[in-house]
Amino acid sequence: MKKIISLALCLVLGSFALAGCSNSDEPFAQKEYTADVSQIEEIRIDVRDREIEVSLSEDEQVHIQYSENSKEYYDISVSDENVLTMASASDKDWTDYIGGKPSAEDRKIALQIPDALLENLTLSTTNEDVTLSALAVTGSVNISSNGGNISFGNLDVGSSLSLTVKNGDISGTIIGSYDDFAMQTEIKKGESNLPDKKDGGEKTLNVSCNNGDVNIDFVKE
26 MKKIISLALC LVLGSFALAG CSNSDEPFAQ KEYTADVSQI EEIRIDVRDR
76 EIEVSLSEDE QVHIQYSENS KEYYDISVSD ENVLTMASAS DKDWTDYIGG
126 KPSAEDRKIA LQIPDALLEN LTLSTTNEDV TLSALAVTGS VNISSNGGNI
176 SFGNLDVGSS LSLTVKNGDI SGTIIGSYDD FAMQTEIKKG ESNLPDKKDG
226 GEKTLNVSCN NGDVNIDFVK E
């Protein structure tokens, strides 16, 4: 019995030793990606466990600031259809999952876009918040967070806005009037100031919130 216990302890200690020898503690390097907005019509960011913060660009170019190392990094590319995509990528061993997560700074993606020059914007993350400052997109905006909040300033969309949250809240203001939007709202385990369904309107607003509250207001320009 003592031999079995000793063997088990050796295995546990060995696993921690392997974790200590792994690259899980490799420091993150801060990086920036820049693209000419004339070459970008749409941006799609699909990441895991990362905060996304969107603000206006000061030079009419697209900028993305982020941090990565050899274990946790991103695939960034621009398609022939002028779609800029950024997706989480990983080269982790099982030992790399032992220990703490990266710092808040290393888990943040800062996106700057020119005002009213981008057609579509899609943002998706888990366990972190998505925030947007006041800005305009000529087409559609789609945002989702599983385990975080979505908040935005005066958001101006050309055709549609879709917001999806699980275990988080949605709050913000939309440029336009209540009558401008046809609405579809699905709320579970939370409260909302929007109707479940509203017809009419040249634009669409779709909201889904599971275990959280929704508070969205409409404002004039």
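Here the sequence shown stands for residues 26 to 246, numbered as in this note's numbering. Cβ coordinates follow ideal geometry from the N, Cα and C atoms, glycine included.
Taking the Cα positions, arginine 75 is about 21 Å away from alanine 159.
Taken in chain order, the complete beta strand (DSSP E) segments of 3 residues or longer contained in the stretch 180–234 are 185–191, 195–200, 206–213. About 7 Å separates the Cβ atoms of asparagine 94 and proline 52, confirming a contact at the 8 Å cut-off. Secondary structure of serine 128 (DSSP, three-state): coil. In this structure, the straight-line span from the alpha carbon of glutamine 90 to that of glutamate 57 is close to 4 Å.
By the beta-carbon neighbour count (other beta carbons within 10 angstroms, threshold 16), glutamine 55 is exposed. A residue is called buried when at least 16 other Cβ atoms come within 10 angstroms of its Cβ; aspartate 154 meets this threshold and is buried.
Following the DSSP letters along the chain, one finds isoleucine 65 in no beta strand (DSSP E), marked with neither H nor E. Around alanine 161, the same chain offers Asp140, Ala141, Asp181 as residues with beta carbons nearer than 7 Å, after the five sequence neighbours per side are excluded.
In the assembly as shown, glutamine 137 is a buried residue. Its beta-carbon has 16 or more other beta-carbons within 10 Å. Between methionine 111 and isoleucine 70 a beta carbon distance of about 5 Å is seen, short of the 8 Å cut, so the two are scored as contacting. For glutamate 97, the uninterrupted beta strand (DSSP E) segment begins and ends at 97–103.
Counting every other CB atom within 10 Å of its CB across the protein chains shown gives valine 244 a total below 16, marking it as exposed. Serine 158 carries a coil assignment under DSSP once its states are collapsed to helix, strand and coil.
With fewer than 16 other Cβ atoms inside 10 Å of its own Cβ, asparagine 218 counts as exposed. Excluding its 5 nearest sequence neighbours in each direction, glycine 172 has C-beta neighbours in its own chain below 8 Å: Thr151, Asn152, Glu153, Lys191, Asn192, Gly193, listed in chain order. Excluding five sequence positions before and after aspartate 100, the CB atoms of its chain that fall closer than 6 Å to its own CB belong to Ala112, Ala114, given in chain order.
The alpha carbon of asparagine 240 has as its nearest neighbour, out of Gly197, Ser202, Gly226, Gln209, the alpha carbon of Gly197. The beta-bridge partner set that DSSP reports for leucine 109 consists of Ile68, Val103.
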